[in-house]
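For the sequence shown, the numbering used here begins at 250 and goes up steadily by one. Encoded as structure tokens, the structure appears first; notes follow it.
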Amino acid sequence: MGVEVHDPRWLAAVPGAELVVGLEEVGECAAAGHRVTVLLDLVPRTVTFIREMAAEAVGEGARKVRVRPHGVDRVDLVYAAVELNRVAEDDAVEVQFDVTSATLLRADPSAFVRADPLVVKRDGTVVPICAGLERYALGELGSFDDLVGAWDPEPVRDLCRVALTRALADTGPLVSWYEHLTRTAAGPRAGC
């Protein structure tokens, strides 16, 4: 099971976790010797700057660029995908764009009904999949193995099923899966 931490102090508690930080923290974390993934938010005002933001992160030491869209339209998603492909090629860096194709959602829906990765937020709260799913939190980080052992991931899978139904109604070529998840999680809890 993959784990990402959003503060380097949690790396010792979860060996092998991926360190994911904002653009302003990349240089400090990279200088401390960490392998850093930068998390960039793609919102309407950052669409035209996403390539520059990613290049800045790489220049500061990020070894991976992850872009999470919020509230952008289909045209902006495609534009960002092209720009991020250029970053991957120009800077020889891994780029993760948190979208999926509508075709893949339809072809393999079971791949989206899952409860991982686990995310250790700055305050030590462990949530499944991504920030925004705090009501599905496993708890506070103490013993990671004990926390995972006591956790029932089925409510998260139920959330994924509901979000998948909504995402499949999206008619664009690219679908912001995490945005569907967080919007569904923000609404009333509903079973399938």
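In this text, a Cβ means the ideal position worked out from N, Cα and C, and glycines have one as well.
For Val362, the CB contacts under 6 Å within the same chain, skipping 5 residues up- and downstream, are Arg406, Cys409 and Arg410 in chain order. Taking 3 residues as the minimum length, the beta strand (DSSP E) runs contained wholly in the segment 270 to 314 are 285 to 291, in order along the chain.
In this chain, the beta strand (DSSP E) harbouring Pro377 covers Thr374 to Pro377. Segment contact: the segment 373 to 384 against the segment 349 to 362, fewer than three CB-CB distances shorter than 8 Å; contact not assigned. Separation of the CB atoms of Val307 and Leu288 is rounded to 14 Å, and the pair is thereby denied contact status at 8 Å. Here Leu396 carries a helix assignment [DSSP, helix/strand/coil].
The Cβ atoms of Tyr427 and Arg317 lie closer than 9 Å to each other. Inside the segment 316 to 344, DSSP marks no whole beta strand (DSSP E) run of 3 or more residues.
Taking C-beta separations shorter than 6 Å and ignoring five residues to either side along the sequence, the partners of Pro402 in its chain run Ala364, following chain order. Counting of Cβ neighbours within 10 angstroms places Leu291 among the buried residues, the total reaching 16 or more. Arg432 and Ala351 have their C-alpha atoms spaced approximately 18 Å apart. In the structure shown, Ser359 adopts helical secondary structure according to DSSP, grouped into three states. Around the beta-carbon of Ala399, fewer than 16 other beta-carbon atoms lie within 10 Å, marking it exposed. Collapsing the DSSP output to three states places Leu387 in coil. Collapsing the DSSP output to three states places Val424 in a strand. Under DSSP, the beta-bridge partners assigned to Leu367 are Val252 and Pro377.
Contact check for Val376 and Leu390: beta-carbon distance about 11 Å, past the 8 Å limit, so the pair fails to qualify.
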